[in-house]
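Counting in my numbering, the final residue of the sequence shown is number 302, and the numbers go up one at a time with none missing.
Note sheet for the following structure.
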Amino acid sequence: MEKLTIPNQPFPDDPFAVNLASKEGRVWARLRKDRFGLLGLLIVLVYFLVALGAWLGLTGQDWAAATGGRWEPAGADHWLGTNILGQDIFQRAVFSVRTAFQIGLVVALASTMLGALLGALSGWYKHGWVDDLVLWLMGVLDSIPFYLFVAAVAFALQGKPWAMHVAMIATFWTGTGRLVRGEVMRIRNREFVLSAQAIGLPAPLILLRHVLPNTLHILLVQAGITFVAAIKTEVILSFLGLGVHHGVSWGLMLAESTQEVLAGHFNNFLAASLMLFVLLLGFNLLTDAIQDAVDPRQAAL
């Protein structure tokens, strides 16, 4: 009896595996035609370079040092002036870019991966106990007011270095999970998946090799959306005193500025608000452009 062999080549109608290089080229070509998308990419790259400089110790390292007097105006020594403690506002705003990227990347990657895994399992084993359990968990988490739940988790884990991250990951994965579940339920009936099942490939291998890669367009967009949501949530939590404790962020700067604005000093408020606004604008433009570029319906037009 001949031994059954499992082919290493992708199945002929696998839309992800066939002509992958040409598909990437078409996606990049569509992205290059989107001027607003390129503007968003440029903004994100500039912010990333600033964050990288802070990570490497090249910029923003004197954010905690009181190098000036109280509420000094903008000048050559302090480009955006100083706060009530004499700390350089520009240095604090620059170092906060690192904080934003660190929180955004960790939360976006973790919650997207968790949502992809649970959503794929739920969609593959639809109408079974796995699907029922995942849907029940999604329903419970979505039924709780978002900021109330995040604040409660962050407060319960207060003092832990990853309290805020855990709180956001526990809530952000549900949106990705629902989208991936629906996409997997659609893909699992495609011919290339049925062919993989017919030759005896195990379900986990089919999911990882043939099904999940075809949800990449969803995961990319969801990761960008989650990144933006994580930064905004961190600002709110830090403003309430439940976010960053060992460092500086735009949320802490906004919290500090509440008393400064009443005294007629707006530099702290404007620096944090404008840098936050520009970064979120850039990510929103880039995410919209990526969604248009990788959306299969756009590719068919």
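A virtual CB, placed ideally from N, CA and C, is assigned to each residue, including glycine.
Between leucine 280 and tyrosine 48, the C-beta gap is smaller than 7 Å, which places the two residues in contact. Taking C-alpha positions only, valine 212 is separated from serine 196 by approximately 13 Å. Each residue's CA atom was taken as its position, placing alanine 77 and alanine 65 some 19 Å apart.
For leucine 238, the closest alpha carbon among the candidates Ala256, Gly129, Val295 is that of Ala256. If you look at tyrosine 148, you'll find it in the alpha helix (DSSP H) that goes 147 to 157. Where tryptophan 137 is concerned, the enclosing alpha helix (DSSP H) starts and stops at 130 to 144. Excluding sequence positions up to five before and after threonine 288, its CB lies within less than 8 Å of the CB of Gly41, Val222, Gly225, Ile226, Val229, all in the same chain and listed in chain order. The stretch 111 to 118 makes contact with the stretch 159 to 176; the number of CB pairs closer than 8 Å reaches 3 or more. Residue state for alanine 75 is assigned as coil, using DSSP reduced to three classes. Restricting attention to Gly252, Gly265, Asp293, the CA atom closest to the CA of leucine 277 is found in Gly252. Rounded to whole angstroms, the gap between the alpha carbons of arginine 33 and asparagine 268 is 36 Å. Taking the C-beta atoms as reference points, alanine 75 is found no nearer than 7 Å to glycine 69. Partner residues in the beta bridge of glutamine 88, as assigned by DSSP, are Ala67. Only residues of its own chain outside the window of five on either side were considered, and among them Asn269, Phe270 have a CB closer than 6 Å to the CB of serine 258, listed in chain order. Leucine 118 and leucine 208 have their C-alpha atoms some 9 Å from each other. Pairing leucine 217 with serine 274, the inter-Cα distance amounts to about 33 Å.
Residue nearest to arginine 182 within the set Lys161, Asn215, Leu39, Leu243 is Asn215 (criterion: CA-CA distance). Beta-bridge analysis with DSSP links threonine 83 to Asp89.
Selection Val45, Val245, Trp125, Ala55 evaluated against phenylalanine 91 yields Ala55 as nearest (Cα-Cα). About 7 Å separates the beta carbon of methionine 254 from that of alanine 272, a gap short enough to meet the 8 Å contact definition. In terms of CA proximity to isoleucine 44, Gly283 leads the group Trp137, Gly283, Val295.
In chain order, Val98, Arg99, Phe102 place their CB closer than 7 Å to the CB of alanine 52, counting only its own chain and leaving out the 5 sequence neighbours on each side. Residues of the same chain with a CB within less than 6 Å of the CB of tryptophan 174, apart from the 5 flanking positions on each side, are Ser112, Leu115, Gly116 in chain order. With a beta-carbon spacing of about 14 Å, valine 141 and serine 123 fall beyond the 8 Å limit used to define contacts. Using a 10 angstroms sphere on the CB of isoleucine 145, the tally of other CB atoms stays under 16, which defines it as exposed. For the pair valine 95 and glycine 61, the CB atoms are nearer than the 7 Å cut-off.
From the listed residues Ala264, Gly129, Trp80, Trp125, the smallest Cα separation to arginine 189 is found for Trp125. As summarised for the stretch 218 to 281, the continuous alpha helix (DSSP H) elements at least 4 residues long and confined to that stretch are 251 to 263, given in chain order. As the crow flies, the alpha-carbon of glutamate 261 is around 28 Å from that of glycine 105. For alanine 152 against leucine 243, the beta-carbon gap comes to about 6 Å, under 8 Å, which counts as contact.
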